[in-house]
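Everything below concerns the one structure shown next.
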RNA sequence: GCCCCUGUAGCUCAGAUGGACAGAGCGGCUGCCUUCUAAGCAGCGGGUCGCAGGUUCGAGUCCUGCCGGGGGCGCCA
């Protein structure tokens, strides 16, 4: 397995892999759709909570990171053989819906007549009325009660706007290429009937006490502004439940009913304290055992060029559908410029894959906990750690195979075999990169950090392009060399395709 | 006031479990297209890893304090 083993100073032993061993690893990978990657030794059941947009509102840039990062993690954990239960914790319940429904009812709104942007508009009108018209505000509050107690007319209106919202979300998810479906949607409303039992259980375990009229848990180790114990309110002084209660009920449900032994929440870093308290209480309640890992997968903010949270020039929120339109448009302009040979439909398809891929990759490529600056030019650049660079490397490999097949008819080339011989430094360097996949995916799952995959794929693509420049494949010096290089190409293309796939990014056949 | 995150080359960022001279892309300067997509490749220059202590044979990585940036801290979600 090793060619040389040498002591190299204090604390170092250098192992140099034998070419034949490295080559055999590549051969194994070439004959296996899983690239010779074993599944995780210990399988877990993960509940991955991500995306979580609000009903009756258009999805905007604020939902991008959770959706993209969560999806990459769900795919990666699944690939490693874990059970993955996606949960889309949609904001579909609470006081704001009383407000909106009251407005719909009084303005003579008819079901089926509104798009999501209409609802968005109506929502803003309702909000304005709530603030300026005390009579409306009072009716809105009564609507909340009606909604939560199951008043048929109120519920009917609510269902209509939920349905329209779901249509919108499905459309965005489809365009974005994420796995989330209607089956994964389990909004806050789902937990309505579980709130009371959840609070009762916490109460029976002695974890709650009334403070200032509100029922609160005081998890150990949390203090507030004045150094006093920090409460998590689970029932407001008016008797209503809040999102703390919902989140607690969701933990309980996910453990007991969904059978999770790993909880993952892909949520903005600003909610760190909320989750720390949530998990602490859940442990006190005995829902999470010693071995149970519950993790807040925190992420930073997307910034505009001015270093402030990204907004439109007018100062509004950036709608996701418009962002994706612009991504495809910008990519189309570049594709048209770089590869005029594509047919219009090919060009549109490539532009879509490249544009969306660029946006997603930019979000995944750096350490998720940090903020990043949204920059079209950088994410669509063909140099550096970007989706287009990786997609380009993949497309070049596919191009070699297309050329090879053309030549095949002349009897010049055979099918890529599996016999690998590593001679050139670039061949060896590429092979060494290729065998690193398993380690990177395991580290990604351990740390729940998709950017590790990005870094790896970029290194791999760099190693490939170096190889591509100095090692002709179809015109290799010998039949043996050509077969070997074709196999290296095959495994590289497969690795890029799988790796991008785990990030939820397509790898087009040509660019 | 307390707590969390963050500070690595001019710019944008990698550096898991502490390990060998700290890496990449962009920008700048040099080369390379009758040859598998130059949307590329090769090379040069560029860093007191915020500061100061400490632990260690060894610290960008761990601990403490300070400084700068961002965020959070009871009836919104």
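Numbering (the working numbering), first residue to last: 486 to 996. Note that CB positions come from ideal geometry on N, CA and C, so glycine has one too.
Original post:
According to DSSP, what are the bridge partners of residue 794?
Top reply: Position 309 of the first chain holds residue 794. Per the DSSP secondary-structure output, residue 794 pairs in a beta bridge with 788.
Original post:
If we ignore side chains and look at the alpha-carbon of each, how far apart do residue 798 and residue 542 end up?
Top reply: Translated into the one-based positions of the first chain, residue 798 becomes position 313. Translated into the one-based positions of the first chain, residue 542 becomes position 57. Looking at the two C-alpha atoms, the distance is approximately 20 angstroms.
**OP:** Classify residue 531 as helix, strand or coil using the three-state DSSP reduction.
**Re:** Counting from one through the first chain, the residue named residue 531 turns up at place 46. Residue 531: strand per DSSP, three-state reduction.
Original post:
Can you name the start and end residues of the alpha helix (DSSP H) that residue 660 belongs to?
Top reply: Position 175 of the first chain, counted from the start, is the residue given in the question as residue 660. Per DSSP, the unbroken alpha helix (DSSP H) holding residue 660 starts and ends at 637 to 661.
Subject >> Euclidean distance between Cα positions of residue 612 and residue 701 >> reply: As a first step, residue 612 is located in the first chain; it is residue number 127 there, counting from the start. As a first step, residue 701 is located in the first chain; it is residue number 216 there, counting from the start. Rounded to whole angstroms, residue 612 to residue 701 spans 29 angstroms at the Cα level.
Original post:
What number of angstroms, rounded off, separates the C-alpha of residue 837 from the C-alpha of residue 847?
Top reply: Indexing the first chain from 1 puts residue 837 at position 352. Indexing the first chain from 1 puts residue 847 at position 362. Rounded to whole angstroms, the separation of the alpha carbons of residue 847 and residue 837 is 15 angstroms.
Subject >> N- and C-terminal bounds of the beta strand (DSSP E) containing residue 629 >> reply: Numbered from its first residue, the first chain carries residue 629 at position 144. Segment 619 to 633 is the alpha helix (DSSP H) holding residue 629; no beta strand (DSSP E) there.
Original post:
If you draw a straight line from the C-alpha of residue 930 to the C-alpha of residue 531, how long is it?
Top reply: Translated into the one-based positions of the first chain, residue 930 becomes position 445. Translated into the one-based positions of the first chain, residue 531 becomes position 46. Looking at the two C-alpha atoms, the distance is approximately 11 angstroms.
Subject >> Range covered by the alpha helix (DSSP H) that runs through residue 568 >> reply: Position 83 of the first chain, counted from the first residue, corresponds to residue 568. Element bounds for residue 568: not the alpha helix (DSSP H) but the beta strand (DSSP E), 568 to 572.
Subject >> Own chain residues within Cβ distance below 8 angstroms of residue 993, not counting five before or after >> reply: What you label residue 993 is simply residue 508 of the first chain in a count that begins at 1. The residues are 834, 835, 838, 839, 876, 879 and 880.
Original post:
To which residues does DSSP link residue 857 through a beta bridge?
Top reply: Position 372 of the first chain, counting from 1, holds the residue named residue 857. Note: residue 857 sits in a beta bridge opposite 787.
**OP:** Leaving aside the five residues before and after residue 849 along the sequence, list all residues of the same chain whose C-beta is less than 8 angstroms from its C-beta, in chain order.
**Re:** Indexing the first chain from 1 puts residue 849 at position 364. Counting only Cβ-Cβ distances below 8 angstroms, and skipping sequence neighbours, we find 553, 554, 557, 935, 936, 938, 939 and 988.
Original post:
Which residue spans inside the region 911 to 950 form an unbroken beta strand (DSSP E) run of at least 3?
Top reply: Those beta strand (DSSP E) runs which fall completely within the region 911 to 950 and span 3+ residues do not exist here.
Subject >> Reduced DSSP category for residue 848 - H, G, I as helix; E, B as strand; rest coil >> reply: As a first step, residue 848 must be located in the first chain, where it is residue number 363. Helix at residue 848.
**OP:** Report the partner residues of residue 713 according to the DSSP bridge assignment.
**Re:** On the first chain, position 228 is the one that residue 713 refers to. None; residue 713 has no bridge partner.
Original post:
Where DSSP assigns a beta bridge to residue 753, which residues make up the other side?
Top reply: Locating residue 753 in the first chain gives position 268, where the first residue counts as 1. Partner(s): 784.
Original post:
When burial is assigned at 16 or more other CB atoms within 10 Å of the CB, is residue 486 buried or exposed?
Top reply: Residue mapping note: residue 486 aligns to position 1 of the first chain, counting from 1. Result: exposed.
Original post:
In three-state terms, what does DSSP make of residue 805?
Top reply: Within the first chain, numbered from 1, the residue matching residue 805 stands at position 320. In the displayed model, residue 805 falls within a helix according to three-state DSSP.
**OP:** Please confirm if the region 961 to 976 is in contact with the region 785 to 794, defined as three or more CB-CB distances below 8 angstroms between the two stretches.
**Re:** Under the three-pair Cβ rule at 8 angstroms, the region 961 to 976 does not count as touching the region 785 to 794.
Original post:
The alpha helix (DSSP H) spanning residue 550 covers which residue range?
Top reply: Counting from 1 along the first chain, the entry for residue 550 is found at position 65. In the DSSP annotation of this structure, the continuous segment of the alpha helix (DSSP H) that includes residue 550 starts and ends at 549 to 564.
**OP:** Taking only heavy atoms of the ligand ADP into account, decide whether any of them is closer than 6 angstroms to the Cβ of residue 554.
**Re:** What this structure holds is no ligand at all, so the ligand ADP is not there to describe.
Original post:
To which residues does DSSP link residue 576 through a beta bridge?
Top reply: Within the first chain, residue 576 is the residue found at index 91, counting from 1. DSSP output for residue 576 lists 539 as bridge partner(s).
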